[in-house]
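Novice:
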Amino acid sequence: MENTEIDSKINMVERKIGRSSNLELLRILAIIMIIAHHYSVHGGWDIPNELSYNRIIVQFLSLGGKLGVNCFVLITGYFMINSKFNIKKFAKIVGQVFFYSVVIMLIFKLFGISHIGIRETAESFFPIIFSKYWFATTYVELYILSPYLNKLINYCTQKENKILITILIVVLSVIPTFSNSLLEIDNLSWFVFLYLVASYIRKYQHKFFDKTKLLLVIFTSSYILIMFSVVILDVLSLRINDFPIDPTFLREMNSLPMLICSISLFLYFKKLDIGSKKIINSISSTTFGIYLIHDNNLVRSYLWEHIAKNNSFYNSRWLSLHAIITISLVFFICMVIEGARINFIGKPAMKFWDKEIESKFLNKSRNYIDRSFSQHISN
């Protein structure tokens, strides 16, 4: 049976019994890891040059952020390979980013929380163009490219796809890891690579993808390797002047151990059979909004430095507890805010879109646009 036939049957089943919650649960785990990462990297820490328990804790908390980002993109590629470009979904993503960028800017400006100049105000109205959120900007770019990427994946044979992915692994991950140049990679290039990997996983079934116990061992081993490297590099950097490697450099999203972590964790959750859980799917739908709220450039420093006061807990024995409580509160509060936005703004906006924009404008030109677009990518 062709993969397209299998996928169509899977989609029919999902519509009848509800969307499977395994990858939705991974989205939730991913955003929690991202919040923990931001707790660490945006905490305004005054860390002395000495090895300590709290230093290691702060560094360990930063390790999951890029893992979470990789998982989000892998999930996107996995589902998008069999989807078409949807102007409504595109508008929904852009509108969500615009909403939080403008509303947060207005709140900070009206309440005098921080000084906001003309440039900051203008950029808030065009958050995608000015990369107010690096992930959102890159994600939108990836979504625009998705029809062309799907065309490439479906045009190439399995062998050609495998060769392409192997080349990209070497260029984007292996070489940067061993040459200490991980940060020099372009975000969009990496997202495109992950999209291709996830699409390959969806398109071509392999026995290795089903070995859940092995996948869990691979994930655990590679993550422990990253944690162990932090401690070793910490010791070396404190003992050797001008040590050239940052202790947490393997946490970057394109490091080889992090890539192995990301793919093995994604494959493990892909095979996880938990059925369809409404509560998980509902929480998962708020994850992008949670990111947009807590990592807004205005909220970021105010949240971690002035509200949570991370740095004041650095020398405290309660740092670990402070981290757990703070990360949990940020997740829960942002989830509630985004849930309210979805119900009171998002859903009415989509109904307005269907009634006014879709029926009165888009439907009249859809056949022409779809025909032109399909003809263009076919050439």
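Counted the way UniProt numbering counts, the sequence shown spans residues 1 to 379.
Virtual Cβ for every residue (Gly too), placed ideally from N, Cα, C.
Under 8 Å by Cβ, that's how I've got residue 85 and residue 102 pegged, so tell me the actual separation to the nearest angstrom.
Specialist: With a Cβ gap of about 26 Å, residue 85 and residue 102 do not count as contacting.
Novice: Can you give me the Cβ contacts of residue 22 inside the same chain, cut-off strictly under 6 Å, excluding the 5 residues immediately before and after it?
Specialist: Result list for residue 22: 269, 272 and 274, in chain order.
Novice: Residues in the same chain with beta-carbon distance under 8 Å from residue 384, minus the five sequence neighbours each way, listed in chain order, please.
Specialist: Any answer about residue 384 is impossible in this case: the structure gives the chain only from 1 up to 379.
Novice: So, do the stretch 218-227 and the stretch 255-267 have three or more beta carbon pairs nearer to each other than 8 Å?
Specialist: As far as the Cβ criterion goes, the stretch 218-227 touches the stretch 255-267, which means the pair count is three or higher.
Novice: Is residue 43 buried or exposed, if buried means 16 or more other CB atoms sit within 10 Å of its CB?
Specialist: Counting Cβ neighbours within 10 Å, residue 43 comes out buried, since at least 16 surround it.
Novice: Taking a contact to mean a Cβ-Cβ separation below 8 Å, would you say residue 222 touches residue 260 in this structure?
Specialist: Yes.
Novice: Only counting the same chain, and skipping five residues up and downstream in sequence, which positions put a Cβ closer than 7 Å to that of residue 183?
Specialist: Closer than 7 Å at Cβ, skipping near neighbours: 252.
Novice: At least one CB of chain C closer than 8 Å to the CB of residue 107: is that the case?
Specialist: You won't find chain C in this structure, because it holds only one protein chain.
Novice: Hey, could you find the ends of the alpha helix (DSSP H) residue 257 is sitting in?
Specialist: Element bounds for residue 257: 256-271.
Novice: Comparing C-alpha positions only, which one of 335, 329 and 81 sits nearest to residue 286?
Specialist: Closest option to residue 286, Cα to Cα, is 335.
Novice: State the Cα-Cα distance for the pair residue 307 and residue 316, rounded to the nearest angstrom.
Specialist: Their backbone Cα atoms lie some 17 Å apart in a straight line.
Novice: Residue range of the alpha helix (DSSP H) that residue 147 falls in?
Specialist: Here the alpha helix (DSSP H) through residue 147 covers 134-155.
Novice: Determine the direct distance from the alpha carbon of residue 71 to that of residue 131, and round the result to whole angstroms.
Specialist: Going from the Cα of residue 131 to the Cα of residue 71 covers about 21 Å.
Novice: How is residue 247 classed by DSSP in three states: helix, strand or coil?
Specialist: Residue 247 falls in the coil class under three-state DSSP.
Novice: Per DSSP, what kind of secondary structure is residue 162 in: helix, strand or coil?
Specialist: It is helical.
Novice: How big is the Cα-Cα spacing for residue 205 and residue 159?
Specialist: One C-alpha to the other measures close to 13 Å.
Novice: Excluding the 5 residues preceding and the 5 following residue 19 in the sequence, name in chain order all residues of the same chain whose CB lies nearer than 8 Å to its CB.
Specialist: These residues qualify, in order along the chain: 276 and 281.
Novice: Between the C-alpha atoms of residue 176 and residue 186, what's the straight-line distance to the nearest angstrom?
Specialist: Looking at the two C-alpha atoms, the distance is approximately 12 Å.
Novice: Give the secondary structure of residue 232 by DSSP, where H, G and I count as helix, E and B as strand, and everything else as coil.
Specialist: Of the three classes helix, strand and coil, the one that applies to residue 232 here is helix, per DSSP.
Novice: Quick one: residues in its chain with C-beta nearer than 6 Å to the C-beta of residue 333, no 5 flanking neighbours on either side, listed in chain order?
Specialist: For residue 333, where only same-chain residues beyond five positions count, there are no Cβ hits under 6 Å.
Novice: Measuring alpha carbon to alpha carbon, tell me which of 55, 45, 27 and 28 ends up nearest residue 234.
Specialist: Of the listed residues, the one whose Cα sits closest to residue 234 is 55.
Novice: For the stretch 275-351, which segments carrying the alpha helix (DSSP H) assignment without a break, of at least 4 residues, lie completely within its bounds, in sequence order?
Specialist: You should have 278-284, 287-294, 297-301 and 319-341.
Novice: Whose C-alpha, out of 210, 331, 173 and 163, is nearest the C-alpha of residue 264?
Specialist: Residue 210 is the option with its Cα nearest to residue 264.
Novice: Let me check understanding here. Comparing Cα to Cα, which of 77, 34, 87 and 47 lies closest to residue 61?
Specialist: Among 77, 34, 87 and 47, the Cα nearest to that of residue 61 belongs to 34.
Novice: Give a yes or no on whether the C-beta atoms belonging to residue 150 and residue 81 are separated by under 8 Å.
Specialist: Their beta carbons are under 8 Å apart, which means residue 150 touches residue 81 by this criterion.
Novice: Going by DSSP, what residue range makes up the alpha helix (DSSP H) through residue 47?
Specialist: No alpha helix (DSSP H) contains residue 47, which DSSP labels as neither H nor E.
Novice: Consult DSSP for residue 200 and reduce its assignment to one of helix, strand or coil.
Specialist: In this structure, residue 200 counts as helix in the three-state DSSP scheme.
Novice: So, at 6 Å on beta carbons, what are the nonlocal neighbours of residue 327 in its own chain, with the 5 sequence-adjacent residues on each side left out?
Specialist: So the list reads 35, 36 and 39, once near-sequence residues are dropped.
Novice: Using the beta-carbon count (16 or more within 10 Å), is residue 288 buried or exposed?
Specialist: That one is buried.
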